[in-house]
Amino acid sequence: MSDELFARVDSNYKPDPWGEYRAAATFTFDLDANELWRAAAALDPEFARLDYRGDYGPEVGVPRLVELFEKYDVNCTFFVPGKVAAEWPEAVKLLHEHGHEIAHHGYTHVSPREMSAEREATEFRRTIEVFEDLTGEPPVGYRTVGGMRDQTLDLVEDAGMLYDASWQDTDMPYLREDRDLVEIPNDYLLDDFVYWGFNMGPTFEFQSGISPHDPVFDTWEAEFDGIRERGRLFVLTMHPQIVGRASRVDALESLLQRMLSTGDTWVTTCAELARYWRDRYD
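In terms of the UniProt record's numbering, the sequence shown has 188 at position 188, counting the first letter as 1, and numbering is strictly consecutive.
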């Protein structure tokens, strides 16, 4: 689609949006740890006995990912539930010390739509307090664990945050019309849990097996190439307990090398993307 056609149908369209760069990319991680399995127990109580599987994320995945991105001097955004941060403080401190962004991902891994407004507000503030205690900084971004109520974005905005990263409606950042927030959309195509979120028993409702990693990374690289060609934004969503496995980290390194080798792709955090977008277009 040409620039003229985009301008006609997309009110958010911006020509040459990235300045000196052709496209932008951000690596995001949902550090759900044990809370992922505890939340799954709401679907089937048998999931509760598997919460130990979440240990792999903070214990193995996080240090492995820190090592990878330190090698290339690239910072990422980690969306962390407050309870995970409280239970795994050293993992959060390690990420913060290496320059990675720590962003809000609720307190537990329970959807805001499945709790009362009072509980959501209390847990939202509690997460901010946990982050401030661990890092000395409040989070500037939010991603829901699944679904929202109107109050959710009110809480994000009232906390003075810069952005939300929950919608899946486009492949560019945009200034929301309903809130003073930048939206940084994602998509299931670029989410590791879709391909590798597997449990032998009980099973997740959506699971179809464990995908070989080569076709997944081929898909992600093809999407990156298409995004770069069109000058858009590539947002990869991953989970340390899923992508942190050795062969997947090695494949992730190859994808990172591919992006950096272009010389014209800005690889940065969600916070920096949001600051840039607001400064340039607000």
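In this text, a Cβ means the ideal position worked out from N, Cα and C, and glycines have one as well. If you're wondering where the values come from, they're calculated on a predicted model, not measured in any experiment.
Euclidean distance between Cα positions of Asp154 and Glu114 | Taking the straight line from one Cα to the other gives about 17 Å.
When we look at the beta-carbon of Glu120 and count the other beta-carbons within 10 Å, is it buried (16 or more) or exposed?
-> buried
Is Met1 helix, strand or coil by DSSP?
-> For Met1, the predicted structure reports a pLDDT of 47, less than 50, and the residue's modelled location is therefore unreliable. A value from the coordinates is still provided. Correct three-state label for Met1: coil.
I think His109 touches Ala39, with their Cβ atoms under 8 Å apart; what is that distance to the nearest whole Å?
-> Approximately 4 Å separates the beta-carbon atoms of His109 and Ala39; this is inside 8 Å, confirming the contact.
Do you know offhand how far Glu35's Cα is from Glu59's?
-> 14 Å
Can you give me the start and stop residues for the alpha helix (DSSP H) that Glu67 sits inside?
-> Per DSSP, Glu67 is one residue of the alpha helix (DSSP H) stretching across Val62 to Lys71.
In terms of alpha-carbon separation, which member of Asp178, Met161, Gln207 and Ala271 lies closest to Asp150?
-> Asp178
Assign Ala85 to one of three DSSP states: helix, strand, or coil.
-> helix
Which ranges does the beta strand (DSSP E) cover as unbroken runs of at least 3 residues, wholly within the region 21 to 52, from first to last along the chain?
-> 23 to 30
Do His105 and Arg143 come within 7 Å of each other at the CB atom, strictly closer than that value?
-> yes
Give every residue of the same chain whose Cβ lies closer than 8 Å to the Cβ of Ile184, excluding the five residues on either side of it in the sequence, and list them in chain order.
-> Thr26, Gly141, Tyr163, Asp164, Ala165, Pro173, Leu233, Val235, Cys270, Leu273 and Ala274
Buried or exposed: where does Pro81 fall if 16 or more other Cβ atoms within 10 Å of its Cβ makes it buried?
-> buried
Report the residue from Ala85, Val66 and Ser116 whose alpha carbon sits nearest the alpha carbon of His100.
-> If we check each option's Cα against that of His100, Val66 comes out closest.
Where does Met1 land, buried or exposed, given buried means 16+ other C-beta within 10 angstroms?
-> Note that Met1 scores 47 on pLDDT, short of 50, meaning its location in the model is unreliable; the coordinates nonetheless yield the value given after this. It is exposed - the Cβ of Met1 has fewer than 16 other Cβ atoms within 10 Å.
Every unbroken alpha helix (DSSP H) inside the region 79 to 166 [4 residues or more] | 82 to 87, 89 to 97, 117 to 135 and 150 to 158
Is the region 214 to 225 in contact with the region 62 to 76, if contact means three or more CB pairs nearer than 8 Å?
-> With the cut-off at 8 Å, the region 214 to 225 and the region 62 to 76 do not touch.
Contact the region 202 to 209 vs the region 253 to 262: 3+ CB pairs below 8 Å | Segments in contact, no.
Measure from the alpha carbon of Trp196 to the alpha carbon of each residue in Gly244, Thr28 and Val62, then state which is nearest.
-> The shortest Cα separation from Trp196 among Gly244, Thr28 and Val62 belongs to Gly244.
Could you give the DSSP three-state label for Phe206: helix, strand or coil?
-> coil
Around the Cβ of Arg228, are there at least 16 other Cβ atoms within 10 angstroms (buried) or fewer (exposed)?
-> buried
Short Cβ contact (7 Å threshold) for Ala91 with Val130 | no
When DSSP labels each residue in this structure, what does Glu221 get in the three-state scheme?
-> In the structure shown, Glu221 sits in a helix (DSSP, three-state: H, G or I).
Compare the C-alpha of Asp171 against each of Asp133, Arg8, Ala24 and Glu20 and name the closest.
-> Ala24
Is the beta carbon of Thr135 sitting closer than 7 Å to the one on His96?
-> yes
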